[in-house]
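Protein chains in written order, with this note's numbering: chain A, 1157 to 1504; chain B, 1157 to 1504. Here a beta-carbon is modelled for each residue, glycine too, at the ideal position from N, C-alpha and C. Because the structure is a prediction, the values reported are computed rather than measured. First the structure, in the form of C-alpha cells, and then the observations on it.
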C-alpha cells in the first residue's frame, strides 16, 4: 500500500499555491487526547491498541472529504517508517518507537493522523504554497467531525489538554516551510530569524525540531498555543510570512542587481553539477537544488518546474532512494543512485 | 596577419602524434649567434635592426620547407605579443622588451625564430605528440640551411657560443609537454619529478621557466647542453618520457581500479562545470580541462576530441580571449567571455 505513495508526490509537493516562489507548504497540526484513556506517555503499551481501534472505528464512520488509509507502524519495516519521516508524515520519535502506534493517511497525503505519538491524536493537514486559511478550514472540519464521535480531553479554562504543556490550549501548531536562499546569501537571515523569535514564532530546519537548515529551508511556526485563538495564531503567522517573503524577494532583487553575473554563475554551476555528478550526498544535493530553485524562481533557468524540484528535494533522501530501488543501500550506493536519479530527472 | 593565426590552432595543438594520451607536444629550440655582431645583451639597441635585416635576407633566400612570415615586435601591440607568448611562440622576456626584435613564423606555427632575444637566433620547431626525431630532423635542416648563409659563433672545443653559459655547446633545449593528472592525483608526482631532476632534466610549468604546473601540465627538458651530442640529449629525453608515460598510465589505471566511481565523478563534474559556468578564471578552467582530457583519454567522456581540448587550453588564456573579441577586456569580462566560449565549444 505504502508503495503507491513513493511515485506520487504528495499534494504539498506540487510547487503550487500562493507565494510558491518562497513558500513550499503550509501545515497545521492539532494535538488531541481522549478523556477515557491515560495519555500516551502514561498509557501501558498493551492498551495502545485500544486507542488505535477506537480511532479507526471513528475514522471509518466519519464523513471526511477524503478516505484515510490505516498503517500499523509496528508491522511496517524501518525503511517504510523512514520514508514517512522524510515525507513529513511522521515524527522521528513516532517512527523510532512504533509499538502500538498507527498512522492514518489520505492518498494525496494532505491529511494524516499519528495515533499514540506524544498525544493520542496528532492531526495534520498540509498543502503546497501559502494557504493557511484553507489548511485551517480542512483540519477544523476533521477536528469537528472527530469531536462528534470522540470525547477529547478539554478544559473550559485552558482548552485542549496535551502531554506537553507547550501544546496545551489550542493544541495547534501552524507552520510554513519557506525557502530563503536570498536572505542567506545576503547574510540577513539571522537578523530576520531573531525578529521572528521575538514575535514568539520559531524557525526550524527541514525536518523539524533540532534539524539543520538544509537547502536554505526553514519551517516557521508558532511557539505559543495557550491564550490565543486559532485565528489569532494563523493571522500572526500570515503576517510574518508575508513580511518574510517581502524580505526574501528584496534580498533576491538586491543580489541580482548587485551581483547578477556571480549569482547566475552559482546557479548554473549548481545545475551543471546536478546534471553531471556520479556520486553526491544529500547535503550537497539540497544545497544545489536550493540554488536551482532560486534560478527557476528568478527566471534564469527555464524548462524545470517547481513541482519537479520540490519533489526532488524529497526523493533524494535516503529512505526514498531505497524505496525506489526496492532494497537497502549503503551510503556509497545511495550517493551513486542519487546522482543517477538527478541526472535522469534533470536531463543530465 | 597575426589575426589569421587566432582561429587556426597551430599544428602542435592537433592532439595527434605518438603518445598523445600523455604527450601534448615535442619541441626543440636551438640558440645561435652571429659572429660578426656583439651578442644581444651587449649589442646597442640601434644595431639590432642590422641583425634582423641580415636574418630576414637569409630567410627569404633559404629554401625552407615552409615559408616564414616576419613580425616586427616593436610595431606589434601588447595584446598581439601576449598572444604569441600564450601560443608558446615567444618568451616573456622577448615580448616585454620588443625594441629591435623580430619573430619569423610559419603559418602552421611549427617553425619559429625569435631574433634578438637573449641570443641572435632562437630557432624553435614544435609538433604535436611525442616525436623528437621528426622535430630534430626539421630543425636540423633549418639550422644547416641558415648556416650556409650565416657565420655562427662557434668554438671547435666547446660548440655553439651563447649569451648564457647554460646554453653553450649544442645550444639545444629539447622539451616535451606532458599531461600528468594521474601522477598528481596519486601523489606520486614529486617522486617522479625528483628522479627526472637527478637525471639532469628539469620539469617546468605550462609557460616555461618559473611558471606553475597549471592544469597538471609539465614541460620536461634537458638542463645540460654542453658535452653531449644532440642525439644523446634526444635519446635520453625519449627514454625519460617513455618511462614517465608508463608511470602516468599506471597511475591512471590504479585510480580507475581503486577509486573508479570517485574519479568518474570528478571528471563528470569538471565537464558539468565547464558546460555551465557563467564566470570562470583561467586557473580553474585549466584544472577542469585537465580532468576532462583525462576523461577523454580514459574513454569516460565521448564525443570530444583531444584536439578540441588542447586548443581550448590555449584559447582560454587572456590574450587569446581578447584577440577573439577584438578588444581589451578586464578580468571580469574575460571570466564572462571565457565561460561563454567554453559553453559554446563544449555544447553547454
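Per-residue burial, residue i [other beta carbons within 10 Å of its own, 16 or more giving buried]
i	result
residue 1234/A	exposed
residue 1366/A	Reliability of the predicted coordinates at residue 1366/A is poor, the pLDDT of 48 falling under 50, and the value obtained from them is presented with this limitation in mind. Exposed, because fewer than 16 other Cβ atoms sit within 10 Å of the Cβ of residue 1366/A.
residue 1416/B	exposed
residue 1387/B	exposed
residue 1497/B	buried
residue 1312/B	exposed
residue 1242/A	buried
residue 1326/A	buried
residue 1196/A	buried
residue 1426/B	buried
residue 1181/B	buried
residue 1481/A	exposed
residue 1254/B	buried
residue 1303/B	exposed
residue 1159/A	exposed
residue 1191/B	exposed
residue 1331/B	buried
Residue-chain proximity (residue i, chain B), Cβ-Cβ < 9 Å
i	result
residue 1187/A	no
residue 1477/A	no
residue 1488/A	yes
residue 1284/A	no
residue 1459/A	no
residue 1418/A	yes
residue 1425/A	yes
residue 1495/A	yes
residue 1315/A	no
residue 1247/A	no
residue 1446/A	no
residue 1421/A	yes
residue 1438/A	no
residue 1472/A	no
residue 1239/A	no
residue 1310/A	no
residue 1428/A	yes
residue 1356/A	no
For residue i, the nearest candidate out of the options (CA to CA)
i	options	result
residue 1213/A	1351/A, 1306/A and 1455/A	1306/A
residue 1285/A	1166/A, 1423/A, 1392/A and 1253/A	1166/A
residue 1314/B	1384/B, 1482/B, 1491/B and 1177/B	1384/B
residue 1287/B	1423/B, 1420/B, 1178/B and 1408/B	1178/B
residue 1341/B	1404/B, 1453/B, 1491/B and 1248/B	1404/B
residue 1270/A	1226/A, 1231/A and 1236/A	1226/A
residue 1413/A	1454/A, 1428/A, 1443/A and 1504/A	1454/A
residue 1318/B	1503/B, 1194/B and 1460/B	1194/B
residue 1442/A	1478/A, 1495/A and 1458/A	1495/A
residue 1488/A	1168/A, 1438/A and 1198/A	1438/A
residue 1402/B	1461/B, 1339/B and 1460/B	1339/B
residue 1475/B	1236/B, 1407/B, 1435/B and 1378/B	1236/B
residue 1230/B	1477/B, 1174/B and 1202/B	1202/B
Other residues of its chain near residue i: CB distance less than 6 Å, five sequence neighbours each side excluded
i	result
residue 1463/B	1170 and 1171
residue 1204/A	1256 and 1272
residue 1420/A	1456
residue 1380/A	1356
residue 1349/A	1359
residue 1308/B	1188
Contacting residues, own chain, Cβ-Cβ under 8 Å from residue i (five flanking each side not counted)
i	result
residue 1219/B	1301
residue 1222/B	1262, 1263, 1264, 1266 and 1267
residue 1465/A	1171, 1445, 1448, 1449 and 1452
residue 1396/B	1352, 1355, 1357 and 1376
Close Cβ partners of residue i (< 7 Å) along its chain, the five nearest in sequence each way excluded
i	result
residue 1295/B	1184, 1186, 1279 and 1281
residue 1337/B	1372, 1446, 1447 and 1450
residue 1499/A	1431
Anticipated Cβ contact below 8 Å, residue i with residue j, distance rounded
i	j	result
residue 1375/A	residue 1328/A	Not a contact, Cβ separation roughly 15 Å.
residue 1411/B	residue 1357/B	Not confirmed; about 25 Å, so no contact.
residue 1283/B	residue 1290/B	6 Å
residue 1260/A	residue 1215/A	6 Å
Test: residue i CB closer than 9 Å to a CB of chain A
i	result
residue 1365/B	Only weak support is given to the placement of residue 1365/B: the predicted model assigns it a pLDDT of 49, under 50, and the question is left unresolved by the model.
residue 1435/B	yes
residue 1492/B	yes
residue 1431/B	yes
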